[in-house]
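Participant: Protein chains in written order, with the numbering used here: chain A, 11 to 133; chain B, 11 to 133. Glycine included, each C-beta is placed from N, C-alpha and C at the ideal position.
Number of protein chains: 2
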Amino acid sequence: MVLHNGKPHQMERFLEVCLLMLLHDEIGYGYGLMEQLVFFGFSEKDLNVSTLYRTLRKMENEGFVTSLWEEGGPGPKRRVYKITAKGKKELDQRIDILKVRKSHIEKLIARYDNLKAVLEDRE
Amino acid sequence: MVLHNGKPHQMERFLEVCLLMLLHDEIGYGYGLMEQLVFFGFSEKDLNVSTLYRTLRKMENEGFVTSLWEEGGPGPKRRVYKITAKGKKELDQRIDILKVRKSHIEKLIARYDNLKAVLEDRE
DNA sequence: ATTACTATATACATTAAGAATATAGTTGAA
DNA sequence: TTCAACTATATTCTTAATGTATATAGTAAT
Numbered sequence: 011m012v013l014h015n016g017k018p019h020q021m022e023r024f025l026e027v028c029l030l031m032l033l034h035d036e037i038g039y040g041y042g043l044m045e046q047l048v049f050f051g052f053s054e055k056d057l058n059v060s061t062l063y064r065t066l067r068k069m070e071n072e073g074f075v076t077s078l079w080e081e082g083g084p085g086p087k088r089r090v091y092k093i094t095a096k097g098k099k100e101l102d103q104r105i106d107i108l109k110v111r112k113s114h115i116e117k118l119i120a121r122y123d124n125l126k127a128v129l130e131d132r133e
Numbered sequence: 011m012v013l014h015n016g017k018p019h020q021m022e023r024f025l026e027v028c029l030l031m032l033l034h035d036e037i038g039y040g041y042g043l044m045e046q047l048v049f050f051g052f053s054e055k056d057l058n059v060s061t062l063y064r065t066l067r068k069m070e071n072e073g074f075v076t077s078l079w080e081e082g083g084p085g086p087k088r089r090v091y092k093i094t095a096k097g098k099k100e101l102d103q104r105i106d107i108l109k110v111r112k113s114h115i116e117k118l119i120a121r122y123d124n125l126k127a128v129l130e131d132r133e
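#1: For the segment 104-132 of chain B, which residues have a CB atom closer than 8 Å to at least one CB atom of chain A, in sequence order?
#2: What three-state label does DSSP hand asparagine 124(A) in the structure shown?
#3: Could you pull the start and end residues of the alpha helix (DSSP H) that lysine 87(B) belongs to?
#4: Taking the alpha carbon of glycine 97(A) as the point to measure from, which residue in Thr76(A), Glu80(A) and Lys112(A) has its own alpha carbon closest?
#5: Is there at least one Cβ from chain A nearer than 7 Å to phenylalanine 50(B)'s Cβ?
#6: Among residues of its own chain, excluding the 5 on either side of leucine 32(A), which ones have a beta-carbon nearer than 7 Å to its beta-carbon?
#7: Let me make sure I understand the geometry here. Which of Leu101(B), Gly40(B) and Glu26(B) has the alpha-carbon closest to that of tryptophan 79(B)?
#8: Are the segment 104-122 of chain B and the segment 79-94 of chain A touching by the rule of at least three beta carbon pairs closer than 8 Å?
#9: According to the neighbour-count rule (16 or more other Cβ atoms, all chains shown, within 10 Å of its Cβ), is glycine 82(B) buried or exposed?
#10: If you run the structure through DSSP and keep just helix, strand and coil, what is methionine 44(A)?
#11: Name the chain B residues whose beta carbon is nearer than 8 Å to that of valine 75(A)?
#12: In angstroms with no decimal places, state the Cα-to-Cα distance between phenylalanine 2(B) and phenylalanine 24(A).
#13: Run through DSSP, which three-state label would leucine 78(A) get?
#14: Let me check understanding here. Comparing Cα to Cα, which of Asp102(A), Leu66(A) and Ile105(A) lies closest to leucine 29(A)?
#15: Taking a cut of 8 Å between CB atoms, which residues from the segment 24-37 of chain B lie near chain A?
#16: Determine the direct distance from the alpha carbon of glutamate 70(A) to that of glycine 51(B), and round the result to whole angstroms.
#17: How many whole angstroms separate the CB atoms of isoleucine 105(A) and tyrosine 122(B), which I take to be in contact at a CB cut-off of 8 Å?
#18: Using the C-alpha atoms, what's the distance from glutamate 100(B) back to lysine 117(A)?
#19: In the DSSP assignment, what residue or residues form a beta bridge with leucine 51(B)?
#20: Helix, strand or coil, according to DSSP, for glycine 97(B) in the structure here?
#21: Give me whichever residues DSSP pairs with glycine 38(A) in a beta bridge.
#22: Helix, strand or coil: how does DSSP classify glutamate 6(B) here?
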């Protein structure tokens, strides 16, 4: 199982950014968002349903999204989430942070690859 | 303050990989490793001393490193850590995971940048 | 009607992490 | 020579994040 941070534990923050990204494109609901998250590398195995709903509620409490019940469609009614202006700003900031994080990961990988190259030369 | 994952909380796993990397190059001790971690984007502000020592101990419990007291040098004696064969294997695996994670971050950033470009075109 | 599926929600336990604090030897300056 | 500053490691306490398990309930299909 491919995880995002080595262990399942540290996924939620990345999950939040992905959700903000998806909801920036269009409104969405829990179960439906789960399927879209596959795009960012989440699989059903490493994404926990309770984590998803818990995260959406937390984001609502923080004012990044709003929700309302959508009835009338096929199947059980859905709680549909919509991103707010505050949520969009948050997304901007999180992307900046991710860019910095990406550069740190790249530094680490470069150092590792370099080490491996040196070790192979010695053989 | 630039963090690695949005909040200080989720840093430790990345910290572990960085420590394994540094200790793969040469043996090291807590306080000294702190300075070297700046290379990977850790600053004194977002790296907690207790987190560092706790992490090193945890890594020792997991068999990724071994330690011994180094006396005789200047200053207080140091607990010096050395990477094990198991630790080297762990580093290999963690790097693989980080490469996958990096690709997911890139996907997210690409989607975000694309969205921004579309929004700007509309103006 | 009964089973499977969609959808959301919550309680419980564990792990990760930061803050604060403790201990103690070393070095250097007054 | 004693006092302050620094190096170095360790531990305790608390909160936040997260996975597991479970609950609820409507819908669809057979």
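Facilitator: Quick look at the numbers:
#1: Arg104, Ile105, Ile107, Leu108, Lys109, Val110, Arg111, Lys112, Ser113, His114, Ile115, Glu116, Lys117, Leu118, Ile119, Arg121, Tyr122 and Leu125
#2: helix
#3: Segment: none, lysine 87(B) is in no alpha helix (DSSP H) and carries neither H nor E.
#4: Thr76(A)
#5: yes
#6: Gly38, Leu43 and Gln46
#7: Gly40(B)
#8: no
#9: exposed
#10: helix
#11: Those do not exist, as valine 75(A) stays about 16 Å from chain B at its closest Cβ, beyond 8 Å.
#12: Past the edges of chain B, shown from 11 to 133, lies residue 2(B), and the structure says nothing about it.
#13: strand
#14: Leu66(A)
#15: Phe24, Glu26, Val27, Cys28, Met31, His34 and Asp35
#16: 31 Å
#17: 5 Å
#18: 18 Å
#19: Note that residue 51(B) is glycine in the sequence shown here, rather than leucine. Paired residues: none, contrary to the question.
#20: helix
#21: Tyr91(A)
#22: This structure leaves residue 6(B) out entirely; chain B is present only between 11 and 133.
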